[in-house]
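Let me begin by presenting the structure, written as structure tokens, before commenting on it.
Residue numbers (my numbering), protein chains in the order written: chain A, 6 to 1088; chain B, 8 to 485.
Next up, the structure:
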């Protein structure tokens, strides 16, 4: 950690810059200033947060609540001043005269304009462009969407707010949000967009689990790395949706780019003052939805249960399923008499705690989850003078999660500043330190400490409060002795856990409290850049940035854990990732002849990425409770891994603007990647696009059609691959008595790889109607990724499992619609509506010669696949056999027969996604509601599939409506010879049989959520000032408040990492529904 | 001003100077996480562990499949395989191609390249053992075109008959080329600690086993191979056994022990326990643990029941403490006892010289000695009139006693049962097939990755599908 900062400091820029930023003060004598007020042209209201910039100089200010701004330290002369504000058309005042030592007044009136039509957006390489000149779709997310309702993962803010963007959130606290722009195009590679902060790419790796029971982080979703950027530090976030917008960023932006600009000190109160803002929020969390459990039958098999040692010692007492006796409160008669004719009422009902009534505990799962409490605190201090600015912010989030004993914390420290060193030299720099800690996070994905995995098998009669009260058994209890006899694996040199089952399941409270995990991530990211203005039309910028983080996970398994490591053990993983980018950019801008402006950019970039990982596993402890490598019984397993990649690039762009109504852009970029063979490691990609504002060009503006633009673009983007695909090395085999061994590699390398290629086309229109009270944006796009570098599976008989090839083609086509409407706007009341809708159609055009299917991942007998000729993301498993008339085929015993062929059961990609937000502002009161959802798509729910097998879900009452042995005749079923079936089967047999057909686990993933709601009140300034603030506002906020879905078992928005194996619900952690308040003040 | 301008350009050029220069990348892309090449001894131990653990461990070739089907064990929870319902992804050892066979092939290739015949021979023996298991489990499989990496991505299937012929040739070659004084294995040889003489005996013992497998289909070739094998020298005592002695510490504990630490899926089969009880077999307390009844007793669970049917779990005997509770228990690929049974059968068939009765009695004795049974108990058992060799029923006696003695070698027991159909076993009441499975499936993904070839093999052998469990294989002669 220190080392990387030492490196940054050695670059010499950061410290000196900050010193400059503070020192730069009232140096220039005789300087004048410009000040004024920005107001709404229609209502006359002062406008806060507008940015006023002195053009041609790196000076700007942000208006305060009264709409006032001030820019000082200006040498006498004439200046052009430009005001911009989201939702308003920019206004430029020309030739504002500043006399020596005098203040010039420049008041500005701004007219509400269509959001997104006129605003300035940050495009590739940090170049600010007016939306009107863009030939591609780029959508900006407003600051309020980022911070109004606090979220642990910044990426979640994109959901429903940007057309063409599909976000899937994990239920894990501080967990991942997967974002895909315009559909998945890479079969096995990265499908998430590139994240850029202040011009420097940052890491957003899915450093979470790698699926069932394993992975680099042992089953814990520790969140995607970009999600931890503090939203309070973000000034703007722009989504460059396709390869067209992102062509200049190169290969990694083939899936789009999310360009973040952080707040600097600009706009803080003028000389001598500090601007301080503080926000505070607290929210309370409860599970949004838990599975629909049945409450009629308890643990056991075939109507019987008798606990002796919980491991097969009693009748069915090993059973972790709920096919036992009816939960009617009986205290005797849980097993049959010797003749098997009736319940033996002479025998008491024995359970894990002793003898007790056999009764349901309907809320035994919901009571397990506690009320989570999340507090956020952010304080930012900013100072600006005319020649320098600096901002320091501190953020802290504390979460006491819904999972018992789980706490998560994030501390964020950001320092950013800029300075106009001389007329020609300017510089800026930032440092951001982020620390995340997650203690005792629940695992996911059916991993061993996944509590929801345990609840799929939790006896419906189990009283969870008893488990909370006792984590350990009394060693003198006779039942404990019985349990020890029945479980030779239990170690008596450690306490014996108290549980409801000793065969498969620990007490969930014991898992939460004793089986501890500890995760921490320390991250430093920052950049420094220097710009030299050669002349009025030519400038050069040099920049370097680094993103560095170190993750550490420790998971301890105490002795007498059931699985894994019943003899105790631990996993310890440390991982360091870094990415360093150094680049330069030359920008030239000058009119060629009257009406035609030309801007040319040329630059280059050198990137180095490193990964270092070390891991130690101990699977048996000598002394219980001592978690060290030295305490390992037998050799601990330790591994080291290193990876490095370099990419160098040169790029350039030219933009021709004619009379501000016609714009043509041309870009080109060449990359050299270390991951490709020397002869083929250089690849060039071009783009071209045009934008035509026909309302201006043809002079057809009217109050009905106030703005109209058509745009089109084409691009081709190359892509490299992961390191070490060209040659293979021997892998580590199982050592023998500490002696290492090796094994031949599984993957055939390919020394002749070529770059991948993505081609994108898009056309679109942007319209402003009814004086821009209504705006419409529409985009049609297509992108095709070919020559994909992938490991295709090959017959294992070759000796290998896969071969790296250049093959496969995936096409995405789609439509994006975005609209904003202001139905009502009066002096006191304003109603804004923003809607986004997008539909993406994906097709895997081809895979590899002779290959029809590539399996992306498999969970519990369902594979997520890419199938040639079909949409990406099929869910493939088994169905019941059906005859030509669609009737279920059953065997002699009346149980459905599984079709031996694998079938496509669904696809995880939605048909469309959309979002709708409404904001009502009445004087100081504002109310906003954000809905989003998706239509179509499927999820394979292991909870449903296994929950039916285990008899815990409500559906399994079918066939035991009155008694456990009622029986059930499969409706509309026939025998193999075609005769109708009338044979009744027991509920347990029927639902056990559903294990063989995963179609029973498929659910419709359509949903609609009331995602965000906020009622905010800004205190009148008189009251605020009486309290000692210049500004104060308070709000009640809520997130994930309501869910509508086609089924009631689970939240169909489900993921446990950000990889491509989506659409599988595997013991999902419940989504948190949160309600709370936020407070924001400026002293 | 001009000076400043130039310096900025120079700085820019400096940043860009690395750009486009390609030579430096070669080093960056060199994988630091593993060796490009390794000597054969270092690939042997991993591959041997793989083969032993997956043939005679808890997988489909023993406890979860083959050994379950010859009714040594029973599934006491999640009783799918016991009803002949296989989970997807199940095969008859297809994974060996990548986990072990490629390593054995590399040993052969490296032995040839380095002119080190002992490396080559051990590669051939282990490769032959593994291919023998795989073809016995699945039938025709890729052999001659297998393990060729990118030169053949869709290997054709060879007939079982041709694979057997090739294995005989390879085992002879290996036996012939072994040089006990040559360069061998200072480490990595987990079976024989580098003793090449024992490897030679293993090659010939294996050749003898494969020869007897042909009794129903090609007695001439079987006889010739058996004679040659015995002449070249087979196991002569239990010290020669091809046995992996597991270690007490992780990760080298025996797989049965490891499995029983977290799972409790398997118990003893009623068929096997009842059989040993009725014959008063002194090995029963080694093979099985008593149940938790009062008083404790040896009791198996009938095969092929639904979950929850039959005795409570506490009333079912589990697999013997020798494996289940002993981390460093041995697991064998082939034993002296089996070799004596093979010789007894060969003698009985007139393939080799020798006294079938003596060989048969010695085979039983060798098995019992392996498990530390007292001589007195052995003598008592051998004196039982049912045990005493009778030439008229000799083949059945040999087959029955072999079934008893091959406990924990389920794969070979299943192969021999399919050849001899001794003892008479019947599927459990809930079994979905009317007979005990005759084969294990090919890998599922062959249908996607090598479809034409697997389809051809399925058609040529008359299987209903690649996952057909009921079709007898060529070697059974049925």
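Glycine included, C-beta positions come from ideal geometry on N, C-alpha and C.
Contact between residue 655 of chain A and residue 609 of chain A holds: CB atoms are separated by about 5 Å, below the 8 Å threshold.
Approximately 12 Å separates the beta-carbon atoms of residue 111 of chain B and residue 141 of chain B; this is outside 8 Å, ruling out the contact. A contact between stretches requires three or more CB pairs, one per stretch, nearer than 8 Å, and the segment 344-356 of chain A fails this requirement with the segment 237-247 of chain A. In the pairwise beta carbon analysis, the segment 556-574 of chain A is classified as touching the segment 496-511 of chain A: at least three pairs are separated by under 8 Å. Taken through DSSP and simplified to helix, strand or coil, residue 917 of chain A comes out as strand. A distance of 8 Å or more separates the beta carbons of residue 419 of chain A and residue 586 of chain A. Neighbours of residue 734 of chain A in chain B, taken as residues whose beta carbon is under 7 Å from its own, are 38, 40, 41, 42, 43 in chain order.
Per the DSSP secondary-structure output, residue 276 of chain B pairs in a beta bridge with B:308. When DSSP reads this structure, residue 936 of chain A sits in a beta bridge with A:921, A:1015.
One alpha carbon belongs to residue 213 of chain B, the other to residue 309 of chain B, and they sit about 33 Å apart. Not a single C-beta of chain A is nearer than 8 Å to the C-beta of residue 214 of chain B. In this chain, the beta strand (DSSP E) harbouring residue 649 of chain A covers 642-663.
In summary, no residue of the segment 116-137 of chain B has a CB separated from any CB of chain A by less than 8 Å. Under the Cβ distance rule, residue 980 of chain A does not count among the residues neighbouring chain B, no pair being separated by less than 8 Å. With 16 or more other CB atoms across the displayed protein chains lying within 10 angstroms of its CB, residue 961 of chain A is buried.
In this structure the segment 317-324 of chain B does not touch the segment 428-448 of chain B; the number of beta carbon pairs closer than 8 Å is below three. By the rule that beta-carbons nearer than 8 Å mark a contact, residue 738 of chain A touches chain B. Contacts with chain B (Cβ-Cβ distance below 7 Å) from the segment 850-878 of chain A involve 857, 858, 866, listed in chain order.
Every unbroken stretch of the beta strand (DSSP E) spanning 3 or more residues and falling wholly within the segment 69-151 of chain A is given here in chain order: 73-79, 82-90, 93-103, 108-110, 113-115, 125-127, 133-135, 143-146. Against chain A, the beta carbon of residue 403 of chain B has no neighbour under 9 Å; the closest one sits roughly 34 Å away. Excluding its 5 nearest sequence neighbours in each direction, residue 374 of chain A has C-beta neighbours in its own chain below 6 Å: 292, 407, listed in chain order. Between residue 882 of chain A and residue 1070 of chain A, the C-beta gap is not smaller than 8 Å, which leaves the two residues out of contact. If you look at residue 262 of chain B, you'll find it in the alpha helix (DSSP H) that goes 262-269.
Residue 658 of chain A and residue 1053 of chain A have their C-alpha atoms roughly 52 Å apart.
With fewer than 16 other Cβ atoms inside 10 Å of its own Cβ, residue 82 of chain A counts as exposed. Distance from the CA atom of residue 393 of chain B to the CA atom of residue 431 of chain B, rounded to whole angstroms, is 16 Å. In this structure, residue 964 of chain A lies away from residue 952 of chain A, with their beta-carbon atoms at least 8 Å apart. In this structure residue 467 of chain A is buried. Its beta-carbon is surrounded by 16 or more other beta-carbon atoms within 10 angstroms.
Between residue 268 of chain A and residue 396 of chain A a beta carbon distance of about 6 Å is seen, short of the 8 Å cut, so the two are scored as contacting. Of all alpha-carbon atoms in A:694, A:863, A:822, A:443, the one lying nearest the alpha-carbon of residue 138 of chain A is that of A:694.
Within 7 Å of the CB of residue 805 of chain A, the CB atoms of chain B belong to 105, 156, in sequence order along the chain. Here the C-alpha atom of residue 287 of chain B lies approximately 25 Å from the C-alpha atom of residue 83 of chain B. Using a C-beta cut-off of 8 Å, the segment 146-156 of chain B makes no contact with the segment 207-224 of chain B, since fewer than three inter-stretch Cβ pairs fall below that distance. Distance from residue 305 of chain A to residue 329 of chain A at the Cβ level is roughly 2 Å; contact confirmed, criterion being Cβ atoms closer than 8 Å. Burial state of residue 1049 of chain A is exposed, judged by a 10 Å Cβ sphere holding fewer than 16 other Cβ atoms. For residue 254 of chain B, the C-beta contacts it makes with chain A under 7 Å involve 742, in order along the chain.
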